[in-house]
Each structure stands twice: as C-alpha cells, then as structure tokens.
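Quick notes on the structure that follows.
Number of protein chains: 2
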Amino acid sequence: MKRGLEKIAPRFKLWLESGKTASVFGDGKWRLLNAINQTGSLSAAAEKLGISYRKAWGDIRNAEGALKVKLLDRHRGGKEGGRTRLTEEGKRWLREYGRFQAAVDKAVRAGYQDWLGRMQTAREGTAGEKGA
Amino acid sequence: MKRGLEKIAPRFKLWLESGKTASVFGDGKWRLLNAINQTGSLSAAAEKLGISYRKAWGDIRNAEGALKVKLLDRHRGGKEGGRTRLTEEGKRWLREYGRFQAAVDKAVRAGYQDWLGRMQTAREGTAGEKGA
DNA sequence: CATCGTTATGTTGAGCAAAACATATCGCGC
DNA sequence: GCGCGATATGTTTTGCTCAACATAACGATG
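The listed protein sequences derive, respectively, from chains W and H.
When you read off a place in the first sequence, starting at 1, and then add 1, the result is the number in our numbering.
When you read off a place in the second sequence, starting at 1, and then add 1, the result is the number in our numbering.
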C-alpha cells in the first residue's frame, strides 16, 4: 500500500449562489437554522454555535434578503425578551438542504474510496511492495 | 413553480487534508498541474491561470512537502531559461484527482436536481400556482 | 412605568491569505 | 563571460471576513 495516503482525508464545502451574492445558503446557515429550531432563540442559537449574535443575525438577514424567503418568525420584547422560530419555509430549507448536503457527503466519501483504490492499485507490480 | 429558485446554482469546493495542513491538494493545485502539463513551464502555467508565479511556486512547494511526493521535474538555466514537467506521480495525481473531482461534481448536480424537485413539489396543491 | 432579556444594527479592530514587489540563482549559447 | 529567460525565495502591502464592541428598540409583566 502506498504510504502517506492513509493520513489524508477529503473535505468539501457546499453552498448555493445567486448572481452577485457569493453564498446565499450553505452549511453555516443550515447549522444556524438547526440551532434556532432547537433553541427557539437567535441569541441562544448563536451561543450554541460559538458565533456572535451579530454574525448570526447578519447571516439570516443576508439569506432572507437574497432568497427573498422568510425563514424566521421573530419577536422582540415580552417576558422572555423575545423569541424566534422557523417558518414553514424555514423548516423546509432546514430539512431539504440537509438531505442535499448528506447526499453530497456520501458521494464524496464514495468517490474518495474509489480514488484511493485507483491510486494504490496503479502501482501493482512495481516491486518493493512488501505487504504487512 | 416556486419563483426565485431558478436563479440559484450549487457550488462546491473539494480538497484533501492531512493533519495540521489545511489543504494539501485541491482544485487550485489540480489546475496548476494541468497548466504545467500543457505549457511545460511553471511561469507560463501561472500566467495562464492568472495567478502570480510566486503563488504557483509556493503551492507546489506546499503540496510536494505535505504529500511527500515529487510532482514536478524542474530545471533552471539553459537557452530557454528553464522548464518544468510533471513526473509520473504528478501525472497520476492530475488524472486521478480529476476523476475524483468530476465524480463529486456529477453528484452535486444530481443532488441539486433532486433538491430542486423536492423544494418545488412540496408545495403542490397550495393554490395560487398559476402556470406560465 | 421600570425592568429584563432578546432582537436589531452601526462601527471598529484583528487575523490571515493572496497580491505585489524585490532580488538572487542557474546554465546553455553566442 | 555575458545575456536571456525561467526557477527560487524573502519581504511588504492589501483586501476581505469575522470578532469585538457599543447602543438602541421593543414589549409583556409585575
């Protein structure tokens, strides 16, 4: 087996673009929706993800603006100070984009295994290949 | 059909990591190998890709260092000033990583189509869906 | 009507990767 | 041995994202 290749691992980033805007949706926003869905609060979601509230808020702003979709129902004031929940559209994005991402992840793993196999077998018969 | 979704397109980045090094190989280095293979020169390849020679050289340095593989045969001096060609290993990386990338690209497109379909059909029977 | 916790939003600073700039080295051919 | 064109490599500038900081608005509740 070709040494060195064992330590290597594939990584990928997936996102959606729309014209000028570099990334209208991707893993970060997906995680954010997920956290909001679990916590019922934008600030709590931000803290959970280890990002600033400022960034979380800005991300949502950009996503909703670019997609022209209302992802969240947000409310200020009240006993709890406020709350945020996903709209039906938001839930749909969370669910379906998650599936999309999972499918790509699966393909990357499979493609990587194929690649590994090809990189290794391509040297069969090269001599000096002492097995374990 | 849900409006807005037509303008959206999926993008992805794929790369290989090894421990501490963030990216030991990816699309940029693949393109670079490809251009070197076509031009027979590192500087010509850099110009072709619109990147500085400094960056191209550094990328090769990092890749060869992290992978512990000799990707290029480089020569200085001579009438032409110098030249650079891919080693057999270099050609193998070019070919096989290209296939890996192509497979992932295909999966992304397919996954995106599935996603699009799900995002659109999920609203059938919602009323107000006046066709073109 | 004062309090409290959350949403809302502008502003400034820090960190990092790429671009830009600057030289040095090599070696064949004339 | 001088020149040309490509490789080799250190240094400086910049540009962009995210973190950090600061402050306002909101509104149910006691």
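Glycine included, C-beta positions come from ideal geometry on N, C-alpha and C.
Computed from a predicted model, the values in this text were never measured in an experiment.
Beta bridge pairing from DSSP links W/S19 with W/T22 and H/I9. Secondary structure remark: continuous alpha helix (DSSP H) runs of at least 4 residues inside the stretch 28-70 of chain H, in chain order: 28-40, 43-50 and 54-68. Proximity of chain W to H/K8 at the Cβ level (cut-off 7 Å) is accounted for by S19 and G20, in chain order. At a cut-off of 8 Å between beta carbons, W/E65 makes no contact with chain H. The straight-line gap separating the alpha-carbon atoms of W/K49 and H/I52 is approximately 39 Å.
For W/E97, the residues of chain H that pass the 7 Å Cβ criterion are W116, R119 and M120, in the order they occur in the chain. Put simply, the backbone Cα of W/T85 is about 9 Å away from that of W/S44. Taking the C-beta atoms as reference points, H/L34 is found no nearer than 8 Å to H/L68. Not a single CB atom of chain H sits nearer than 8 Å to the CB of W/K30. Within chain H, the residues A104, V105, K107, A108, V109, A111 and G112 have their CB atoms less than 9 Å from the CB of W/A108, given in chain order. A distance below 8 Å separates the beta carbons of W/K8 and H/G20.
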